[in-house]
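The structure appears right after this line, and notes come after that.
6 protein chains.
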Amino acid sequence: MADWLTSLKTKTPQEGFELAITLARKGVGYTQPSENIRKKLRPKYARNPDSLTMASQVIATHFQTVAAANNYWR
Amino acid sequence: MADWLTSLKTKTPQEGFELAITLARKGVGYTQPSENIRKKLRPKYARNPDSLTMASQVIATHFQTVAAANNYWR
Amino acid sequence: MADWLTSLKTKTPQEGFELAITLARKGVGYTQPSENIRKKLRPKYARNPDSLTMASQVIATHFQTVAAANNYWR
Amino acid sequence: MADWLTSLKTKTPQEGFELAITLARKGVGYTQPSENIRKKLRPKYARNPDSLTMASQVIATHFQTVAAANNYWR
Amino acid sequence: MADWLTSLKTKTPQEGFELAITLARKGVGYTQPSENIRKKLRPKYARNPDSLTMASQVIATHFQTVAAANNYWR
Amino acid sequence: MADWLTSLKTKTPQEGFELAITLARKGVGYTQPSENIRKKLRPKYARNPDSLTMASQVIATHFQTVAAANNYWR
């Protein structure tokens with residue numbers, strides 16, 4: 008796989024949040040590498056509130072990591 | 008997306024808790040960007056106790072991050 | 008909402024645990040603000056072992072935060 | 008409720024693990040205070056592997072807190 | 008219960024990972040002490056991918072604790 | 008089991024992420040050691056969005072550990 012993660016540093020907390028989203032998606036992407044299949048799964052999943060909450064949980068976990076890496080942008 | 012997160016600092020723990028809620032919702036919002044669809048999902052979800060507990064779990068995870076960023080408002 | 012969280016400091020670990028419970032409930036309360044609906048959900052939920060375990064998980068997550076904020080009451 | 012948690016310090020990691028179990032159960036106990044109901048739920052729950060794994064997850068989360076409080080018994 | 012956890016220190020990360028597995032299983036064992044029942048549950052559980060992922064999640068949580076206790080074997 | 012984890016150090020965050028994936032899979036592998044059974048479970052699991060999110064959650068948890076072990080590659 009090409010380089011997609013060279014640093015956890017971001018300029019702002021918002022960019023850090025967006026990096027957390029990328030990390031959450033990459034966790035899915037490594038497990039299901041077919042973009043075609045992932046696209047087919049999206050409609051169902053994006054209309055299920057519990058699925059959305061679970062996705063938000065993964066983002067929250069990665070955001071902890073990214074925030075710590077950036078010393079909370081203090 | 009417009010700037011919505013410029014700092015993790017808050018004046019009080021309660022504002023920190025409310026920021027954690029914002030972060031939890033943003034995690035959903037990035038995954039399902041249609042406000043219209045999100046609104047339709049809310050009634051079902053907000054009456055399902057396990058869905059509410061899962062949402063509370065995401066908030067708890069973000070509150071850890073926000074609290075650490077604020078050195079626990081000590 | 009009125010002030011309900013002005014500090015994470017507690018005198019004892021037990022009070023810290025009880026604060027963690029409050030935080031877990033507030034996470035639900037912000038998502039479902041109707042006390043009436045929350046009350047209706049309680050009987051079903053409080054007799055479902057997995058629901059109880061999930062609630063205990065949220066409490067555990069908040070207790071990590073409160074315990075750290077109190078330097079573990081050392 | 009009577010005092011049940013006056014310190015997070017334990018002599019050994021194993022006692023710390025057992026304290027984590029107590030904390031996990033207390034999280035359930037505060038949510039469903041009826042011991043009678045909790046007892047009725049146990050047989051079903053204790054034979055469901057996912058329920059057991061979820062309980063183990065709560066214990067793991069509390070053990071993180073207790074271990075940190077004891078500086079990992081180093 | 009006999010002594011089974013006297014230290015969180017391990018010589019290698021791999022032994023630390025294996026200790027995390029032990030901790031995850033002990034969390035189940037304290038909740039369902041009958042080895043006989045646990046054995047009966049295993050076949051079903053070990054063929055359910057979500058059950059396996061949940062077990063892996065508990066291990067991951069304990070591995071955080073064990074790794075911190077060992078200062079990440081640096 | 009042969010040595011598969013001798014260090015948590017990685018050269019880049021991306022390698023750290025890939026190590027987190029390995030750790031998540033090993034957690035499954037220790038619980039279901041039959042590669043044959045694990046392979047049979049994969050097709051179903053890799054097309055279920057919630058299963059993929061749960062897998063991503065385990066990876067996120069391990070990535071916290073690996074990132075801390077590497078001092079966030081700062």
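Protein chains in written order, with the working numbering: chain A, 8 to 81; chain B, 8 to 81; chain C, 8 to 81; chain D, 8 to 81; chain E, 8 to 81; chain F, 8 to 81.
Idealized CB from N, CA, C, for every residue including glycine.
Report yes if the CB atom of N77 of chain A is closer than 7 Å to the CB atom of G23 of chain A, and no otherwise.
yes
N-terminal and C-terminal residue of the alpha helix (DSSP H) that Q21 of chain F is part of:
P20 to T38
Whole-number beta carbon distance between P56 of chain D and Y37 of chain E, since they are thought to touch under 8 Å:
That belief does not hold up - the Cβ atoms of Y37 of chain E and P56 of chain D are roughly 15 Å apart, past 8 Å.
Straight-line gap, R81 of chain B to T17 of chain C (C-alpha atoms, nearest Å):
12 Å
Give the C-beta separation of A62 of chain B and T68 of chain C to the nearest angstrom, bearing in mind that I take them to be a contact with Cβ-Cβ under 8 Å.
With a Cβ gap of about 13 Å, A62 of chain B and T68 of chain C do not count as contacting.
Would K33 of chain B be called buried (16 or more neighbouring beta carbons within 10 Å of its own) or exposed?
buried
Any C-beta of chain F sitting closer than 7 Å to the C-beta of Q39 of chain A?
yes
Closer than 6 Å by C-beta to V73 of chain B: which residues in its own chain qualify, once you throw out the five before and the five after it? Chain order, please.
L15, G23, L26 and A27
Closer than 6 Å by C-beta to L30 of chain E: which residues in its own chain qualify, once you throw out the five before and the five after it? Chain order, please.
H69
Straight-line Cα distance separating P40 of chain B from V35 of chain E
39 Å
Closer than 7 Å to chain D by CB, L30 of chain C:
no
Cutting at 6 Å between CB atoms, please list the residues of its own chain near L64 of chain C, excluding the five before and the five after it.
A small fix is needed here, since residue 64 of chain C is Gln in this sequence, not Leu. Excluding residues within five positions, none has a Cβ falling inside 6 Å.
Does D57 of chain C have its Cβ less than 7 Å from a Cβ in chain D?
yes
Three-state secondary structure assigned by DSSP to T13 of chain C
coil
Tell me, to the nearest whole angstrom, how far the beta carbon of T13 of chain B is from that of P20 of chain A; I am working on the premise that it is less than 8 Å.
7 Å
Select from E:I44, E:L59 and E:K46 the residue whose C-alpha is nearest the C-alpha of I44 of chain F.
E:L59
Chain-ordered neighbours of T1 of chain E on chain D, where CB pairs are closer than 8 Å:
The question about residue 1 of chain E has no answer, for chain E in this structure spans 8 to 81.
Does any residue of chain F have a CB that is nearer than 7 Å to the CB of G23 of chain A?
no
In whole angstroms, what is the alpha-carbon distance linking D10 of chain C and W11 of chain A?
44 Å
On a Cα-Cα basis, can you pick out the residue from D:R54, D:K47 and D:E42 that is closest to E42 of chain E?
D:R54
Same chain, Cβ closer than 7 Å to L48 of chain E, neighbours up to 5 away in sequence not counted:
none
Using a Cβ cut-off of 7 Å (strictly closer), state whether I44 of chain A contacts chain B.
no
Three-state secondary structure (DSSP) at N55 of chain F?
coil
Does any CB atom of chain C fall closer than 7 Å to the CB of A67 of chain B?
yes
Pairwise C-alpha distance: K46 of chain E and K46 of chain F
23 Å
Could you check whether the Cβ of T72 of chain B sits closer than 7 Å to any Cβ belonging to chain A?
yes
Mind listing the chain A neighbours of W11 of chain B? Cutoff is C-beta to C-beta under 8 Å, in chain order.
Q21
How about L26 of chain A: is its C-beta nearer than 7 Å to some C-beta of chain F?
no
For L63 of chain C, the three-state DSSP class (helix, strand or coil):
Note on residue identity: the sequence assigns Ser, not Leu, to residue 63 of chain C. It is helical.
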